[in-house]
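**Student:** This structure is in structure tokens; I'll ask about it shortly.
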Amino acid sequence: MMLNNYHTLEKKSFDETTGTVEYPWYRVKEHFTREILAEGTGMFITMAFLNGVVSQVVLGGATHGDYSHINLGVGLAFMMGIHTCGGISGAHLNPAVTIALAVHGRFEWKKVPLYIVAQLIGAFLGAAVVFAIYYPSFNEFDADRSIAKSAGIFATYPIDLYAQNLFSAFLCEFFGTALLVFAIFSLDDPTNMPTNPIMKPLTVALVLVMIGMSFGLPTGYALNPARDLGPRIFTAVSGWGVGVFTAANYYFLIPIFAPIVGAIAGGGAYMVTIYNHHDQHDDLKALKVLGESRGYQAVFWPILLMYFILLFTLTMKRQIKHMCKHNYMPWSSGKQVYKDIK
1 MMLNNYHTLE KKSFDETTGT VEYPWYRVKE HFTREILAEG TGMFITMAFL
51 NGVVSQVVLG GATHGDYSHI NLGVGLAFMM GIHTCGGISG AHLNPAVTIA
101 LAVHGRFEWK KVPLYIVAQL IGAFLGAAVV FAIYYPSFNE FDADRSIAKS
151 AGIFATYPID LYAQNLFSAF LCEFFGTALL VFAIFSLDDP TNMPTNPIMK
201 PLTVALVLVM IGMSFGLPTG YALNPARDLG PRIFTAVSGW GVGVFTAANY
251 YFLIPIFAPI VGAIAGGGAY MVTIYNHHDQ HDDLKALKVL GESRGYQAVF
301 WPILLMYFIL LFTLTMKRQI KHMCKHNYMP WSSGKQVYKD IK
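Numbering-wise (the UniProt record's numbering), the sequence shown opens with residue 1 and increments by one.
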């Protein structure tokens with residue numbers, strides 16, 4: 001079907017008495033609700049493709065792809081997600097991107113919490129659908145739901161070397177996300193070389209592919225708290241147990257916080273090194289095409305976030321140790337918590 005005929009699919013009628021167009025009863029009227037629905041749907045589409053390609057490569061062995069297929073699949077998954085919801089929600093598809101945009105004055109703070117909730121729900125549901133589709137293959141490949149063998153299909157885990165060097169793992173996630181957001185800010189800068197709107201999703205996809213090819217080895221390049229935490233929660237309630245949070249020295253905290261700090265720093269770095277140095281920058285600001293620069297926050301916010309990350313990490317580690325000590329392990333279905341990764 002031709003794309004230019006799309007709008008004929010929606011049943012709507014013109015009321016001659018009121019002079020208004022009547023849309024279907026299910027059409028959401030409140031704009032922010034539309035944004036949340038679109039963001040969650042876009043994340044669902046993204047994670048269905050992303051977890052799907054990883055499942056096919058891992059469960060299919062050497063006959064259905066390799067690491068290059070995963071890199072390409074991740075990029076194309078986000079490209080499809082951006083195409084799905086970009087015109088309504090802006091297609092952040094990443095809490096780190098949402099927070100970075102808010103920190104640098106490009107997004108309203110009041111919208112941030114529900115955007116993140118929508119992203120997490122979409123990621124969780126995307127993982128659930130993939131698990132349902134590949135359920136027989138999962139049972140054949142790993143009936144015991146071992147974290148070391150199959151949990152990495154959904155969430156990211158570091159290789160053994162980086163499980164013992166979490167600072168390097170943090171740096172990898174931090175820098176990869178900083179590169180991603182630096183690129184995103186450049187694509188939206190009208191004073192630089194902005195990408196055609198049709199090409200933006202493909203450009204972001206190529207950036208993700210390059211990050212995966214360059215920095216994917218240590219951690220699996222989550223670069224996205226929702227992409228990791230949503231599926232991780234799903235694995236916790238689907239047979240892998242609470243060990244998905246304790247594995248690799250509580251590694252799950254790194255894909256949550258490192259991307260947030262990296263995104264803020266990456267956006268700030270673009271403002272400090274590129275955004276404020278265009279000749280036409282002041283003219284566009286006078287016309288209100290550009291917002292106020294907040295590059296100084298590239299330093300302030302990461303420092304503040306690092307403090308809260310440290311505080312949260314210590315608190316969570318103590319709580320999870322307490323749960324394991326007293327054998328209080330919700331969602332584990334009585335199975336032994338994974339202890340191979342320390």
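Think of the CB as a built atom: it goes at the ideal place given N, C-alpha and C, for glycine as much as any other residue.
Give the DSSP-derived three-state secondary structure of Glu-30 in the structure shown.
**Tutor:** Glu-30 falls in the coil class under three-state DSSP.
**Student:** Given this structure, state the Cα-to-Cα distance separating Cys-172 from Tyr-221, to the nearest angstrom.
**Tutor:** C-alpha separation (whole angstroms): 8 Å.
**Student:** Ordered along the chain, which non-local residues of its own chain (more than five positions away) have a Cβ less than 7 Å from that of Leu-72?
**Tutor:** Around Leu-72: Val-209.
**Student:** Among the residues of its own chain, which have a CB less than 7 Å from the CB of Leu-202, if the five just before and after it don't count?
**Tutor:** So the qualifying residues of the chain are Met-79.
**Student:** If contacts are defined as beta-carbon pairs under 8 Å, then Ile-233 and Phe-131 qualify, I think. What distance do you get, rounded to the angstrom?
**Tutor:** Ile-233 to Phe-131, Cβ: 13 Å. No contact.
**Student:** In whole angstroms, what separates the C-alpha of Gly-81 from that of Thr-46?
**Tutor:** Roughly 5 Å between the two C-alpha positions.
**Student:** Please state the DSSP three-state secondary structure of Glu-39.
**Tutor:** If DSSP states are grouped into helix, strand and coil, Glu-39 belongs with the helices.
**Student:** Taking the C-alpha atoms as reference points, what is the distance between Trp-240 and Leu-217?
**Tutor:** Near 23 Å, if we compare the C-alpha coordinates of Leu-217 and Trp-240.
**Student:** From Ala-155, Leu-187, Ala-163, pick the residue whose C-alpha is nearest to that of Pro-231; which is it?
**Tutor:** Among Ala-155, Leu-187, Ala-163, the Cα nearest to that of Pro-231 belongs to Ala-155.
**Student:** Quick check on Val-261: buried or exposed, where buried means 16 or more other Cβ atoms within 10 Å of its Cβ?
**Tutor:** By the 10 Å Cβ count, Val-261 comes out buried.
**Student:** Alpha carbon to alpha carbon, how far is Ile-153 from His-64? Give it in angstroms, no decimals.
**Tutor:** Using only the alpha carbons, I get a separation of about 14 Å.
**Student:** Please name the residue or residues paired with Glu-108 in a DSSP beta bridge.
**Tutor:** Glu-108 is not bridged to any residue.
**Student:** Can you tell me the Cα-Cα spacing of Ala-91 and Gly-176, whole angstroms?
**Tutor:** Using only the alpha carbons, I get a separation of about 19 Å.
**Student:** Which one of Gly-105, Ala-263, Met-213 has the shortest CA to CA distance from Val-181?
**Tutor:** Nearest C-alpha to Val-181: Ala-263.
**Student:** Measure the C-alpha to C-alpha separation of Ser-186 and Asn-139 and round it to an integer number of angstroms.
**Tutor:** Rounded to whole angstroms, Ser-186 to Asn-139 spans 45 Å at the Cα level.
**Student:** Quick one: what's got a C-beta closer than 6 Å to Asp-142's C-beta in the same chain, skipping five residues either side?
**Tutor:** If we look at Asp-142 and ignore the five residues flanking it on each side, its Cβ neighbours are Lys-149, Ser-150.
**Student:** Between the segment 111 to 122 and the segment 32 to 39, are three or more C-beta pairs nearer than 8 Å?
**Tutor:** Judged by Cβ distances under 8 Å, the segment 111 to 122 makes contact with the segment 32 to 39, as three or more pairs qualify.
**Student:** Between Leu-93 and Asn-249, is the Cβ-Cβ spacing less than 9 Å?
**Tutor:** Cβ distance not < 9 Å, so Leu-93 and Asn-249 don't count as in contact.
**Student:** Does the separation of the CB atoms of Tyr-157 and Ala-247 fall below 9 Å?
**Tutor:** Against a cut-off of 9 Å, the Cβ pair of Ala-247 and Tyr-157 comes out as a contact.
**Student:** Scan the segment 113 to 141 and note each continuous alpha helix (DSSP H) run of 4 residues or more that stays entirely inside, going in chain order.
**Tutor:** Taking only runs of at least 4 residues, the alpha helix (DSSP H) segments lying wholly in the segment 113 to 141 are 135 to 141.
**Student:** I want to check one thing, is the minimum distance from the CB of Cys-85 to the heavy atoms of the ligand ADP below 8 Å?
**Tutor:** Only the bare structure without any ligand can be found here, which leaves the ligand ADP out of the picture.
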